[in-house]
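Under the working numbering, the residues of the sequence shown are numbered 929 to 1307, in order.
Ideal Cβ placement from N, Cα and C applies to all residues, glycine included.
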Amino acid sequence: MKKIASFFIIAILLITACARKVSQKQDITLSGLSKTNFRTEVDGKQTYLFVLSNKKGMEVCITNFRGRIVSIMVPDKNGQMKDVVLGFDSIQDYINTPSDFGASIGRYANRINKGLFELDNVKYQLSTNNLGHCLLGGSKGFQYVVYDVVLIDNRILKLSYLAIDGEQGFPGNMSCDVLFTLTEDNAIAIKYSAAADKPTIINMTNHSYFNLDGNPNIKNTDWLLTLNADNYTPIDSTFITTGEIVTVEGTPFDFRKPMAIGKRINNENQQLKNGNGYDHNWVLNTGGDISKIAATLKSKETGIILDVYTTEPGIQLYTGNFLDSTIVGKKRIIYQQRASVCLEIQKYPDSPNKEDWPSPILRPEEKYESETIFKFSVE
């Protein structure tokens, strides 16, 4: 009897050990993230890491904490999987290090001059958090909240948030959704929708920092960029658009043909000085047609190509100018200046104060809808 009892005890221990190993393996994503490190409670809401995957092996990890894309794993030209966005290894890192990595941005992407705008003869003062302006929705924009979440299936994730009337100074209660869909052809489709009970403004986007080399130690200098845009909107020394729409012809802002990002970034040009590099909005030629390519980014090193499609009129190119080697990201890698490229789809910056520009106004009888597609391939 003792031998039989010992056998059962050993068997149970072995089964338990195997189950623990399986559980630990399931906890780790393809990109090396631990789901456990993303489970906590913030502002009374539970946070998680959700994993989307398709039949080709592409993986996208998203946390409902600040609606952030944490990692994107895609194959390079040799079939090796690369993580092509910057981010952190845990919720605590996101809490302890203010950043915009991968965030779902709202209510208003980019800047509003001095946080002021007027709508229907009512003047509004927004939260100001950057050189006296309202940037990315203010000091507590959507990138600092916990979204409600529904994992629809292994390729579709829905995030929701209710912004309260007066939050960060914006008018109206506004319910908004962000729907992420990973397609079988290695694209991430992001659909934004919102409704409000008062006239208000809205301009949502995703703020992923792309590194198509899959190595944040490599700068963006040699990556080839194409922008389907004949014009851009200049900025002043505080990054606010001047109200002009200027041709890219004959300037360092001409990316109508593939051009290495670093080729002209240090040119003697006042706009480059104002932005400390590229931190500007381009006026897209696509006319809101999501079937037309708005931008293409390519790494010659990995052969990874990112094509961007959108229904929006503008795209903000930000070349990681203010990464300063003080941030330690995933896998304890230090993020240095220009280790990434942001391609933020948007209404133009400060559009509430520019009557002739595409309107960001949302009224109660309307529904806000916007879509962006980030499609990955290899050459």
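Taking the straight line between their C-alpha atoms, what separation do you get for residue i and residue j?
| i | j | result |
| --- | --- | --- |
| Leu1271 | Val1050 | 33 Å |
| Pro1099 | Leu1234 | 36 Å |
| Gly1030 | Glu1046 | 30 Å |
| Phe1183 | Gly1205 | 14 Å |
| Ser1305 | Lys1228 | 13 Å |
| Ile1019 | Gly1069 | 18 Å |
| Ala1223 | Tyr1237 | 7 Å |
| Ile1232 | Asp1011 | 11 Å |
| Leu1245 | Ile1262 | 22 Å |
| Asn1194 | Ala1124 | 44 Å |
| Tyr1120 | Lys1220 | 19 Å |
| Val950 | Ser981 | Residue placement at Val950 is flagged as unreliable, the pLDDT there being 41, under the threshold of 50; the coordinate-derived value follows with that caveat. Those two C-alpha atoms are separated by around 19 Å. |
| Asp874 | Thr1109 | This structure leaves residue 874 out entirely; the chain is present only between 929 and 1307. |
| Tyr1089 | Asp1105 | 7 Å |
| Lys1226 | Leu1140 | 7 Å |
| Gly972 | Val1073 | 11 Å |
| Glu1196 | Ile1092 | 45 Å |
| Asn1249 | Met1102 | 33 Å |
| Lys1191 | Asp1150 | 8 Å |
| Asn1024 | Val1256 | 11 Å |
| Pro1241 | Pro1286 | 7 Å |
Using a Cβ-Cβ cutoff of less than 8 Å, which residues in the same chain neighbour residue i once the five nearest sequence positions on both sides are dropped?
| i | result |
| --- | --- |
| Leu961 | Leu977, Cys989, Val998, Ser999, Asp1017 and Lys1258 |
| Asp955 | Ser962, Lys963 and Thr964 |
| Pro1288 | Tyr1036, Ile1129, Ile1130, Asn1131, Lys1275, Ser1279 and Pro1280 |
| Arg996 | Ile990, Gly1015, Tyr1022, Phe1029, Gly1030, Ala1031, Ser1032 and Gln1071 |
| Tyr1052 | Leu1044, Phe1045, Glu1046, Gly1097, Phe1098 and Pro1099 |
| Asp1164 | Thr1170 and Asn1202 |
Which of the three DSSP states is assigned to residue i in this structure?
| i | result |
| --- | --- |
| Asp1048 | coil |
| Asn1134 | strand |
| Ile1080 | strand |
| Tyr1296 | strand |
| Ile1218 | coil |
| Gln1096 | helix |
| Lys1191 | helix |
| Ser981 | strand |
| Val950 | For Val950, the predicted model reports a pLDDT of 41, less than 50, meaning its position is unreliable; a value from the coordinates is still stated below. In the structure shown, Val950 sits in a helix (DSSP, three-state: H, G or I). |
| Asp955 | helix |
| Arg1291 | coil |
| Asn1258 | Position check: residue 1258 holds Lys in this sequence, whereas Asn was assumed. Residue state, collapsed to three classes: helix. |
| Lys1185 | coil |
| Phe966 | helix |
| Lys1303 | strand |
| Tyr1089 | strand |
| Pro1144 | coil |
| Gln974 | strand |
| Lys1228 | coil |
| Tyr1036 | strand |
| Asn1041 | helix |
| Gln1053 | strand |
Which two residues bound the contiguous beta strand (DSSP E) that contains residue i?
| i | result |
| --- | --- |
| Lys1119 | Ala1115 to Ala1124 |
| Gly1242 | Gly1242 to Tyr1246 |
| Tyr1160 | Ala1157 to Thr1161 |
| Tyr1237 | Ile1232 to Thr1238 |
| Ile1207 | Rather than Ile, the amino acid found at residue 1207 in this sequence is Asp. Element bounds for Asp1207: Asp1207 to Leu1212. |
| Leu1107 | Met1102 to Leu1110 |
| Met1009 | Met1009 to Asp1011 |
| Val988 | Glu987 to Thr991 |
| Ala1031 | Ala1031 to Ile1033 |
| Ser1279 | Where Ser1279 is concerned, there is no enclosing beta strand (DSSP E), given that its DSSP letter is neither H nor E. |
| Ile997 | Arg996 to Pro1003 |
Is the closest heavy atom of the ligand ZN to the C-beta of residue i under 7 Å?
| i | result |
| --- | --- |
| Gln1264 | Questions concerning the ligand ZN fall outside what the structure shown contains, since it holds no ligand whatsoever. |
Tell me which residue opens and which closes the alpha helix (DSSP H) that residue i is part of.
| i | result |
| --- | --- |
| Asn1202 | Gln1198 to Gly1203 |
| Gln1274 | Here Gln1274 belongs to no alpha helix (DSSP H); instead the beta strand (DSSP E) covers Cys1270 to Gln1274. |
| Ile1019 | Ile1019 to Asn1024 |
Here's the rule I'm using: 16 or more other beta-carbon atoms within 10 Å means buried, otherwise exposed. How should residue i be labelled?
| i | result |
| --- | --- |
| Gln1198 | exposed |
| Asn1145 | exposed |
| Ile1273 | buried |
| Pro1003 | buried |
| Leu942 | Only weak support is given to the placement of Leu942: the predicted model assigns it a pLDDT of 43, under 50, and the value that follows is read from those uncertain coordinates. So Leu942 ends up on the exposed side. |
| Arg1039 | buried |
| Ile993 | Note on residue identity: the sequence assigns Phe, not Ile, to residue 993. So Phe993 ends up on the buried side. |
| Asn1148 | buried |
| Asp1048 | exposed |
Spatial neighbours of residue i within its chain, please: C-beta separation below 6 Å, excluding the five flanking residues on both sides.
| i | result |
| --- | --- |
| Pro1162 | Thr1170, Glu1172, Val1174 and Gln1199 |
| Ser1253 | Ile1262 and Gln1264 |
| Met1001 | Leu958, Ser959, Glu987, Met1009 and Asp1011 |
| Glu1297 | Ser1121 |
Within its chain, find whatever has a CB closer than 7 Å to the CB of residue i; leave out the 5 residues flanking it on each side and keep chain order.
| i | result |
| --- | --- |
| Asn1041 | His1061, Ile1168, Asp1278 and Asn1281 |
| Leu1079 | Phe978 and Leu1085 |
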